[in-house]
Every structure is written in C-alpha cells, then in structure tokens.
Amino acid sequence: MRRTYKDTQYMEQTDLLIIKYLSGATTPEEQSQLLSWLERHPDNQHYFRSLKDAYDLGQFEQLLKESRVNEQWADMRQRMSPARKPIRLRKIFREFIRYAAVLLLGILFYPTAVYLIKPQEQIQQTCIETGVGERAQITLPDGSRVWINSCSMLTYDSQFGKDNRPVNIKGEAYFEVHSDIEKPFLVHNGAFTYRVTGTSFNVSAFDNEHETSIALLEGGVTIEFGKQAERLHPGEKFTFNKNTGKYRREQINVNRLTSWRTGEITFNNISFEELTRKLERSFNVTFIFQNEKLKNETFSGSFHNYDPMETILEVLKISTPQTELQCTMVNDTIYIK
C-alpha cells in the first residue's frame, strides 16, 4: 500500500514524540497521547521497543552531536563569508537538525520495517487469551509459571529464552519467574518494561482502565519507562495513571491483590465504576449507570466468582444505605440508579 504524505507526516510526529519521551521531556498530555498510540496495535509496541533499544545504545545522541557540530561549522562559515546569504544557510541547517533524528529512524529500523511487512517464517508467536469469566495457567519454556485473569492476553515468540525472556501482557497476570541472571525476564506493556531475574509479581494493565499497576510479592522488579527506572521491593505496588502521567508507590497486602487466582474478587476503596468493570469481566454482564454520580461511590469487600449476581447486587445495596441504590437486571444488562 502506498504511503501518503499525511501518513508520513504523522509517523514523523510520532517518531519525534517517542524520542522526546525517551529523553524524559514529555508533558503528562504527551505521555497520555503516546500511551494511547501504543495501545492501538501490537506493531506500535514492537516499533517503540525497537526504537528504545537503539536509543539506549546512544545512536541518537551521536547523531544529534554530529548535527550540532555541522551547525557550528555552518555558523563559522557564515561569519567568514557574510555575503553568502547566511539567513538561508542557517535555515537549511535548522531543517537538517529537525529531520536528522527521523532520517536516522529510517536507517536504523529498515530491518524492523521489513520484519513487520515480511515476518521470518521460523519465528512463531504463541498467544494465550482468556474470555469473560475464564482464567488460565501456563508454564513457559523456561519453567516460569503464569496465571492469566479474565479478558487478558499473554504473548511470546519462539526466540524466548535465547538471549532474554520477553513476554507481552494485556490485562492481568500473576508471574512466578524461574531465576536466570544471565537471561532477564522482561514483561512488556505499552511504554513500560518490567525487568526481573527470579520473582513473583502481579501485573494489571487493561486497555479500558485509566491506571496500570504492578505489585511485587517476592524478589525484585525494575520498572523502566522512558529514561526513568523504579526499583520495587516486596510488598510494594507501583501504579501509573494514564490520564495524568503521574505514578505512586504504596505498601499493600499483595496476597489479597492476587486472590483472583482462586476465584475471589477482592477490592479495597475502589470506585463503583472500577468495581463494575471487574464484575463485567468475571460474570459476562454489562452495567449501565443512569446516575453518573454513583460512579464515584467507593466500595471495599470481596465476592467469589460462583456468587449469584442477584446476591452481589443486594450486598451493594446494603453497602450504600445513604444513596438508596437501585439495581435493575434485564437479561445480562444491569441498570444502576
């Protein structure tokens, strides 16, 4: 398919946004824009990681350094020969600097582009996806075990375990990673990479949630995002807000957080809206709020995946006597007012 000027211009803007993010210069709004782009398609995440790898090798910095040398050389030539229209020459070099990084992308990522267009046949991808109310448990080729929650997807390819052990997660999963210092275990989710050697942790990263988080039970995890890195300790939870671009660290009861593996839905001071999304993934129902203010009501407690929905709704009514909560269930749709 032929790429239009508009498509090319859009990709240049995206490339520059990625470079700005990797250099730690993005605003919260730009971070949200980048995260939205990453969630649109797995190819976007693959492209971002390839770009990040090249950035980590220092190739962009070298290019920009050379560009600044060229600009200084141009300025000196202008001072020596003022009659040669210095304004035009300066403009040319400014344009050069502006597109230098984007030009390098085409050189560095030509193999990546070819891979996306024409994948190598020997590289096979394994995908484990769960539906509503489903959970899965798998053992990876290295012996690591993963529990996958409802409406989630874990992917890895046949290169897993050769140099390192990368996987991709969308949704929620609990990991018990087999220790191998020489081959780090890497969990990718959008702009985030969780780097571990041997540890137990829980990742929650649903596309329709405004927050993504990781909670550590044992061992250690390094969270990499842009040029930042955070080291997590057992009993800690790291949460990133996609809307504000801010994150927080807190001490929590991680065992309650991972109780979903046994079919228990636990929650502590979460909004009614967030609770309904958890129930939707477990019970194949749809909640519709006819009173928007109720979305911000908070709840704490627990349910089991074998509890009847009618019982759960009654418990929610009892938990909010001051609001006189009304729940009407029509087939698989529940109206809240």
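Numbered according to full-length UniProt numbering, the sequence shown spans residues 1 to 337.
Using N, Cα and C, we set each Cβ at its ideal position, and we do this for glycine too.
(message) By the DSSP assignment, the beta strand (DSSP E) with Ser-204 in it spans what residues?
(response) 200-205
(message) Let me check understanding here. Comparing Cα to Cα, which of Lys-162, Val-221, Ala-215 lies closest to Gly-198?
(response) Val-221
(request) List the residues that DSSP assigns as beta-bridge partners of Lys-162. (result) Note: Lys-162 sits in no beta bridge, so no partner.
(message) Between the region 323-337 and the region 280-297, can you find at least three pairs of beta-carbon atoms closer than 8 Å?
(response) yes
(message) Can you list, in chain order, the residues of its chain with a C-beta nearer than 6 Å to that of Asn-189? Leave out the 5 residues immediately preceding and following it.
(response) Ile-169, Ala-205
(message) I'd like to check one pair, Ser-319 with Phe-299: are the Cβ atoms closer than 8 Å?
(response) yes
(message) With a threshold of 7 Å on Cβ separation, who are the neighbours of Trp-260 within its own chain once the five nearest residues in sequence on each side are excluded?
(response) Asn-149
(message) Looking at the strands, I want to know which residues DSSP matches up with residue 344.
(response) Absent from the model: residue 344. The displayed extent of the chain is 1 to 337, so no value can be given.
(request) Could you check if Ser-200 is buried or exposed, using at least 16 other CB atoms within 10 Å of its CB as the buried criterion? (result) buried
(message) Taking only three categories from DSSP, how would you classify Ile-128?
(response) strand
(message) Give me, in chain order, the residues of the same chain whose beta-carbon lies closer than 7 Å to that of Glu-176; leave out the 5 immediate sequence neighbours on both sides.
(response) Ser-144, Arg-145, Ser-200
(request) Note down the Cα distance separating Thr-262 from Ser-179, rounded to an integer number of angstroms. (result) 25 Å
(message) Tell me the rounded alpha-carbon separation between Gln-326 and Leu-313.
(response) 9 Å
(request) Write down every uninterrupted run of the beta strand (DSSP E) in the UniProt domain "Protein FecR C-terminal" (265-335) whose length is 3 residues or greater and which is fully enclosed by it, in chain order. (result) 286-289, 298-304, 327-330
(request) Please confirm whether Arg-165 and Phe-192 have their CB atoms less than 8 Å apart. (result) no
(message) Using 8 Å as the threshold, is the C-beta distance between Leu-38 and Tyr-21 below it?
(response) no
(message) Distance check for Lys-317 and Gln-122, CA to CA, integer angstroms please.
(response) 56 Å
(request) Identify which residue in Gln-251, Val-254, Thr-130, Arg-277 has its Cα closest to the Cα of Glu-209. (result) Arg-277
(request) For Glu-280, count neighbouring C-beta atoms within 10 Å of its own C-beta (all shown protein chains included) and say buried if the count is 16 or more, exposed if not. (result) buried
(request) Count the other C-beta atoms from every protein chain shown that fall within 10 angstroms of the C-beta of Cys-151, then say buried if there are 16 or more, exposed otherwise. (result) buried
(request) Please state if the CB of Asn-202 and the CB of Thr-258 are separated by a distance shorter than 8 Å. (result) yes
(request) Identify whether Thr-262 lies in helix, strand or coil by the three-state DSSP scheme. (result) helix
(request) Within 10 angstroms of the Cβ of Ser-36, are there 16 or more other Cβ atoms? Answer buried if so, exposed if not. (result) exposed
(request) Report the residue from Lys-337, Met-309, His-46 whose alpha carbon sits nearest the alpha carbon of Val-187. (result) His-46
(message) If you measure between the beta carbons of Gln-251 and Glu-230, is that distance less than 8 Å?
(response) no
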